[in-house]
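So for the sequence shown, the numbering used here puts the first residue at 3; every next one is plus one. Accompanying notes for the structure given below.
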Amino acid sequence: MSLKIAIQGVPGSFHHQVALKNFGLDSEILAFNTFEPVAKSVAQGEADFGVMAIENSIAGAILPNYDLIDRYGLFIRDEYYLPIAHQLMALPGQSIGEIREVRSHPMALLQCKAFLAKYPHIQQFDDVDTASVAKRISEEKLIGIAAIASEIAAEIYGLEILARDIQTVKDNFTRFIILQKEKVQTSTLPNKASFKITIRNEAGGLAKLLTMLAEKGLNLSKIQSIPVMEKPWEYAFFIDAEFGDYGQFREAMNLVVKDFGDLKIFGEYSSRKG
3 MSLKIAIQGV PGSFHHQVAL KNFGLDSEIL AFNTFEPVAK SVAQGEADFG VMAIENSIAG
63 AILPNYDLID RYGLFIRDEY YLPIAHQLMA LPGQSIGEIR EVRSHPMALL QCKAFLAKYP
123 HIQQFDDVDT ASVAKRISEE KLIGIAAIAS EIAAEIYGLE ILARDIQTVK DNFTRFIILQ
183 KEKVQTSTLP NKASFKITIR NEAGGLAKLL TMLAEKGLNL SKIQSIPVME KPWEYAFFID
243 AEFGDYGQFR EAMNLVVKDF GDLKIFGEYS SRKG
């Protein structure tokens, strides 16, 4: 029986590529337009795993996705870094001068900002997904409209690539996380963790917390703050940390609970970067 993998996007999307690379071509893909039903399907057991983009090396973190992991009580099984190359594509036989508008996911548009600035006559519009725009252009035979998507999407939907590798920074990666409903059990010691700390509203609390984590050998590769809705002027911090000593990491987490506030660990896993 094949695994069911929930993704945001349609065949040809970057999420689709990550799902196939991680779980194989025989996995069953459950495709959704937005991220929330991805999280919900994993939480309700409809999907075995979910694939979710969490940050990009150019555009930064996708903060709402951290909240989804928290809200649906999901756990991070693993991470995957996918090199991102964006292509400008349209129905065959058109030139860039004939394109009136380009549609794509807002993160993709942001990653191609410098290229698009060269063509002020092309209006930019946010859409739910890169590959879904390519699919719509192909199915509805939309003239004068281009998509920014992957080369695979152009092949799947029969579009012509008008400009290749248009991302501003060529060394462009998106970090995806693999989500599951149950807490992850691993036989190997992890060297990375994702967690949330809700610190007490005390003077210098954040500075003291960061100092303690550094003293315990944690390298904070990502820290994002969000306000705690039910507690004005208090903040929660979503943190990704890498470490060489798992014992020191556990000591740090115990100190968080003892001295700083509430702790929720989303996952302990092996870093896949570099």
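Ideal placement from N, C-alpha and C gives every residue a C-beta, glycine not left out.
- Rounded to whole angstroms, the separation of the alpha carbons of E57 and R177 is 5 Å.
- Each of E204, S223, L191, F175 was checked against the Cα of F197, and the nearest Cα belongs to S223.
- Bounds of the alpha helix (DSSP H) holding A209 are 207-217.
- Here the alpha carbons of K115 and I139 stand approximately 22 Å from one another.
- Residues of the same chain with a CB within less than 6 Å of the CB of L215, apart from the 5 flanking positions on each side, are A254 in chain order.
- Beta-bridge partners of K6 (DSSP): E30.
- When the alpha-carbon of T190 is set against those of L208, S272, D242, F127, the nearest one is in S272.
- With a 10 Å radius around the Cβ and a threshold of 16 neighbouring Cβ atoms, A136 comes out buried.
- For V104, the enclosing beta strand (DSSP E) has its first and last residue at 103-106.
- Nearest C-alpha to K42 among I225, G146, I9: I9.
- Put simply, the backbone Cα of F127 is about 11 Å away from that of L112.
- Taking the Cα of E157 as reference, the smallest distance to any Cα among G14, P108, Y237 is reached at G14.
- In the DSSP assignment, K233 falls outside any beta strand (DSSP E), carrying neither H nor E.
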